[in-house]
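Here is the structure we will look at, set down as structure tokens.
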Amino acid sequence: MSEADIYGAPEYSEENAPLLRKVIGKRLLESKLTIPHFYLTVDTDMKNMIELRNDLNSSGTIKISYNDIIIKAVALVMLNHPECNVSYIDDRIRYYKNINVCLAVAVEGGLLTPAVRNCEEKTLFNISEESGVLVEKARNKKLRPRESMGGTFTLSNLGMFGIEECIAIINPPQSMILATGAIREVPVVEDGAVGIGQRMKMTLSCDHRAVDGSTGALFLSELKSILENPKEHVL
Numbered sequence: 003m004s005e006a007d008i009y010g011a012p013e014y015s016e017e018n019a020p021l022l023r024k025v026i027g028k029r030l031l032e033s034k035l036t037i038p039h040f041y042l043t044v045d046t047d048m049k050n051m052i053e054l055r056n057d058l059n060s061s062g063t064i065k066i067s068y069n070d071i072i073i074k075a076v077a078l079v080m081l082n083h084p085e086c087n088v089s090y091i092d093d094r095i096r097y098y099k100n101i102n103v104c105l106a107v108a109v110e111g112g113l114l115t116p117a118v119r120n121c122e123e124k125t126l127f128n129i130s131e132e133s134g135v136l137v138e139k140a141r142n143k144k145l146r147p148r149e150s151m152g153g154t155f156t157l158s159n160l161g162m163f164g165i166e167e168c169i170a171i172i173n174p175p176q177s178m179i180l181a182t183g184a185i186r187e188v189p190v191v192e193d194g195a196v197g198i199g200q201r202m203k204m205t206l207s208c209d210h211r212a213v214d215g216s217t218g219a220l221f222l223s224e225l226k227s228i229l230e231n232p233k234e235h236v237l
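Per my numbering, the sequence shown starts with residue 3, numbered consecutively.
This is the structure in structure tokens:
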């Protein structure tokens, strides 16, 4: 008689994993086994970004999301640092001419990552309009396969679930993925006085074969600076 027979094994049911779940599992397992990840985290002051979003949404017909602003900011940093918009493929560094930012979208049975293409050429409002269409398609199972191809960077935002901080697995063959958490009210010290601040943690996962620690740190530092002063940059 086995130990399970003596103590009682838990009851269970099984089903075949959906195709999407299999694809995700295969790609992310490959990523963790073959890509030497390293991680960088910063805490970002969101006060000005919240104000900008509220101002834009109160006066315009297109509703801007935090993701839209972050995608635009990522594109601006990538333009300044093309060494971040790369892939490590067959012992060669591939530099991309276009900045295509994938947005992780939770759907039934898994996750889809539609790509907002050519972000370097688009305004914040263009990005907002395109990302809105792609997210809607993904959630309604109408996303075409090619709309998830060709990404050079991925944004994963779990803040809407109340998650304060998370670390994401790189979406190969990309070299970076940014994970953002919820905007939190926290005590902060400014000019010697304690007040209430609004902060968001961002964690950048990088492929150490293609990106050094200092390069990733510079990218994240500049991204933080843009998001803390968005009116000067993203409009």
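All C-beta atoms, glycine included, are put in the ideal place defined by N, C-alpha and C.
This one's a predicted model, so the numbers in the text were calculated from it and none came from an experiment.
Local conformation of residue i per DSSP, three classes
i      : result
Leu57  : The amino acid occupying residue 57 in the given sequence is Asp; Leu does not appear at that position. Helix at Asp57.
Leu78  : helix
Tyr68  : helix
Thr63  : coil
Arg94  : strand
Met48  : coil
Leu113 : strand
Ala140 : helix
Pro189 : strand
Cys121 : helix
Met151 : coil
Ser216 : helix
Ile171 : coil
Leu21  : helix
Ile129 : helix
Ile73  : helix
Val29  : According to the sequence provided, residue 29 is Arg. The question's Val does not apply to it. Residue state, collapsed to three classes: helix.
Gly161 : helix
Gly134 : helix
Leu180 : strand
Ile228 : helix
Lys233 : helix
Lys99  : coil
Leu206 : strand
Own chain residues within Cβ distance below 7 Å of residue i, not counting five before or after
i     : result
Asn56 : none
Met48 : Ile185, Gln200, Arg201 and Met202
Ile2  : Because the chain spans 3 through 237 in this model, residue 2 falls outside it and cannot be assessed.
Leu30 : Ile171
Glu32 : Pro174
Same chain, Cβ closer than 6 Å to residue i, five either side skipped, listed in chain order
i      : result
Val213 : Ser177
Ser207 : His39, Tyr41, Ala170, Ile172 and Ile179
Glu122 : Ala77, Leu81 and Ile101
Asp93  : none
Asn120 : Asn100
Distance CB(residue i)-CB(residue j) smaller than 9 Å
i      : j      : result
Gly215 : Gly183 : no
Ser130 : Pro116 : no
Pro174 : Thr36  : yes
Leu157 : Asn69  : yes
Gly112 : Arg211 : no
Val118 : Ile73  : yes
Val236 : Leu136 : no
Thr46  : Thr205 : no
Glu166 : Ala181 : no
Gly10  : Ala19  : no
Ile71  : Leu229 : yes
Same chain, Cβ closer than 8 Å to residue i, neighbours up to 5 away in sequence not counted
i      : result
Asn231 : Asn50
Ser150 : Cys104, Leu114, Thr115, Pro116 and Ala117
Lys34  : Ile171
Ile52  : Ile185 and Gln200
8 Å contact criterion, which residue i and residue j should meet: CB distance rounded
i      : j      : result
Val191 : Arg201 : No, Val191 and Arg201 are not in contact; Cβ-Cβ is about 13 Å, not under 8 Å.
Cys104 : Phe163 : At roughly 19 Å, the Cβ-Cβ gap does not stay under 8 Å, so Cys104 and Phe163 are not in contact.
Leu54  : Lys226 : About 15 Å; that fails the 8 Å criterion.
Ala75  : Val107 : Going by Cβ atoms, the distance from Ala75 to Val107 rounds to 19 Å, so no, they are not a contact pair.
Asp209 : Tyr90  : 6 Å
Residue i Cβ short of 8 Å to the ligand SAH heavy atom set
i      : result
Ser130 : Among the components of this structure there are no ligands whatsoever, and the ligand SAH is therefore not found.
Stretch-stretch touch, CB-based, cutoff 8 Å, three pairs: the segment 215 to 223 with the segment 63 to 83: yes
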